[in-house]
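To start, the structure itself, in structure tokens.
There are 2 protein chains.
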Amino acid sequence: MPSNAGRAPFAMPVDDGAPPKIPRSDSALVELAMRKHVLLYGLIGGVLIAGLKFIEYRWLVVDHSVEIYGALVAAVFAGLGIWLGLRLTRPARHTETVVVREVRVEAPVEFVRDRDKVASLGITPRELEILELIAAGLSNKEIAARVFVSENTVKTHSSRVFDKLGARRRTQAVQLGKELRLIP
Amino acid sequence: MPSNAGRAPFAMPVDDGAPPKIPRSDSALVELAMRKHVLLYGLIGGVLIAGLKFIEYRWLVVDHSVEIYGALVAAVFAGLGIWLGLRLTRPARHTETVVVREVRVEAPVEFVRDRDKVASLGITPRELEILELIAAGLSNKEIAARVFVSENTVKTHSSRVFDKLGARRRTQAVQLGKELRLIP
DNA sequence: CCCAAAATCACCCATTCGGATGACGCGCCC
DNA sequence: GGGCGCGTCATCCGAATGGGTGATTTTGGG
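Pasting the structure below:
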């Protein structure tokens, strides 16, 4: 834009100034762009006023200092207004729309024991433990060795849990136990 | 979110001169909008000043009215600036943060038989069938009745599959079979 | 402290299961 | 035709399992 370089008083303060001191913020880019536009605006304003001034001179306007004063005030307050507007809307700019997208994750689907069912069937902790070991494929003897009891005890426990599950074989007990979410 | 949503209110007939550049990005769009508004602003400013000038002449404002004039200009331009600032930041307010939250979804994960493992273990279809029925909790006799063979045949099949799996008990065979994805 | 539930152990008996072995028939392929 | 894989069936035997009964000890709560 051609400026009236001849008129020193019209050198807009924004022209040489406006040091690009950009505050570090997430919207630094937007602010930079805006600053650019404030400059542009000032420039246009200056040209406009210059035009008016020229017209004023052409028409022998008495006092032109009022226009300069007004233009300066206008420019300054416009900048202030923009800045204020940005200030005021800053919190609003943090408005974000949270979109929750459900993503299918290959989850091992960790086991959750159905304690209610365990309770309703009257299965004791020990019996459940034995059932788990049966499901692991251990024999009564191995289970007895692992939990430090006699094989007879293991048999008793398993018999009881079979009874409570209505199972006649250990494989059936395992199947039912898994189905009823008593064991993993 | 349609990016031109913020643009719609600014569709002004004043600035057709602006080449309809294809908005490559949001920043380009913001700049375009801003240019429009700077032009509009300048126009309004010019009109305002002209109006004030007219008023000034009409009412023969004295020297003291300069303050009033300045204040008016300041107030008006400050308001304009605020309005402009708000307008300009509107696109920023549309900033949308997409938060992808991974949600564990119960995935049924239907069973897929590991045929390679079946083949590598040399397990025949019949043996696999028997293994499945064993896993279902059936006794050899029940299996025999279901597949219409003698119990001895079932025993042979199960013995073979136990051998191939390295299992010593049917519960262990079931456990291994599930672990190796041979059966559901 | 007492009681009931739970856990422990034992014995007996019948059934089931697992291992080993042998045999027969059928379809397939070299 | 002979070999091979697969499915079928059988017999014997020992081990494991399931069912029933009874008993003792431990434990937790009223």
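Sequence lines, in order, name chains L and S. Under the numbering used here, the first residue of the first sequence is numbered -17, with each subsequent residue one higher. Under the numbering used here, the first residue of the second sequence is numbered -17, with each subsequent residue one higher. Ideal placement from N, C-alpha and C gives every residue a C-beta, glycine not left out.
| Asked | Found |
| --- | --- |
| At what residues does the alpha helix (DSSP H) containing proline 107 of chain S begin and finish? | 107 to 117 |
| Hey, could you find the ends of the alpha helix (DSSP H) phenylalanine 144 of chain S is sitting in? | 133 to 147 |
| Which whole-angstrom value is the C-beta distance of isoleucine 112 of chain S and valine 156 of chain S, which I expect to be below 8 Å? | With a Cβ gap of about 11 Å, isoleucine 112 of chain S and valine 156 of chain S do not count as contacting. |
| Apart from the five residues on each side of it in sequence, which residues of its chain come closer than 7 Å, Cβ to Cβ, to leucine 162 of chain S? | Asp96 and Lys99 |
| Which chain S residues sit within Cβ distance under 9 Å of arginine 128 of chain L? | Here the premise fails: no neighbours, minimum Cβ distance about 14 Å. |
| Can glutamate 109 of chain S and asparagine 122 of chain S be called in contact, C-beta distance under 7 Å? | no |
| Using the three-state DSSP reduction, which class does valine 91 of chain L fall into: helix, strand or coil? | coil |
| Could you check the C-alpha separation between serine 102 of chain L and valine 136 of chain L for me, to the nearest Å? | 22 Å |
| Based on Cα-Cα distance, which residue from L:Val91, L:Phe130 and L:Ile116 lies nearest to glutamine 154 of chain L? | L:Ile116 |
| Report the CB separation of arginine 152 of chain S from serine 140 of chain S in whole angstroms; it is logged as a contact under 8 Å. | 7 Å |
| Does any residue of chain S have a CB that is nearer than 7 Å to the CB of serine 121 of chain L? | yes |
| Contact criterion: CB-CB distance below 7 Å. Does arginine 151 of chain S meet it with respect to chain L? | yes |
| Any idea what DSSP makes of aspartate 98 of chain L, helix, strand or coil? | helix |
| When you check each C-beta in the stretch 89 to 120 of chain L against every C-beta of chain S, which residues fall closer than 9 Å? | Ala89, Val91, Ile116, Ala117, Ala118, Gly119 and Leu120 |
| Whole-angstrom Cβ separation of glycine 104 of chain S and lysine 160 of chain S, contact assumed at under 8 Å? | So it is not a contact: roughly 19 Å between Cβ atoms. |
| What does valine 156 of chain L reach in chain S if we use C-beta pairs closer than 9 Å? | Ala117, Gly119, Thr153, Val156 and Gln157 |
| Just to confirm, are isoleucine 165 of chain S and glutamate 92 of chain S a CB contact at a threshold of 7 Å? | no |
| For glycine 119 of chain L, count neighbouring Cβ atoms within 10 angstroms of its own Cβ and tell me buried if that reaches 16, exposed if not. | buried |
| Between which two residues does the alpha helix (DSSP H) carrying arginine 128 of chain S extend? | 122 to 129 |
| Residues in its own chain within less than 6 Å of leucine 158 of chain S by CB, not counting five upstream and five downstream? | Leu147 and Ala149 |
| Run through DSSP, which three-state label would arginine 152 of chain S get? | helix |
| In angstroms, rounded to a whole number, what distance separates the CA positions of alanine 127 of chain S and arginine 128 of chain L? | 36 Å |
| Is it buried or exposed, alanine 60 of chain L, if we count other Cβ atoms within 10 angstroms and call 16 or more buried? | buried |
| With distances taken from CA atoms, which of S:Thr138, S:Pro90 and S:Glu124 is nearest threonine 106 of chain S? | S:Thr138 |
| Straight-line CA distance for arginine 75 of chain L to alanine 57 of chain S? | Legend: pLDDT at arginine 75 of chain L = 48, less than 50; position of this residue unreliable, value from coordinates given subsequently. When rounded, the distance between both Cα atoms is 25 Å. |
| Could you give the DSSP three-state label for leucine 103 of chain L: helix, strand or coil? | helix |
| Tell me whether leucine 162 of chain L sits in a helix, a strand or coil according to DSSP, three-state version. | coil |
| How many angstroms separate the CA atom of isoleucine 125 of chain L from the CA atom of glutamate 124 of chain S? | 27 Å |
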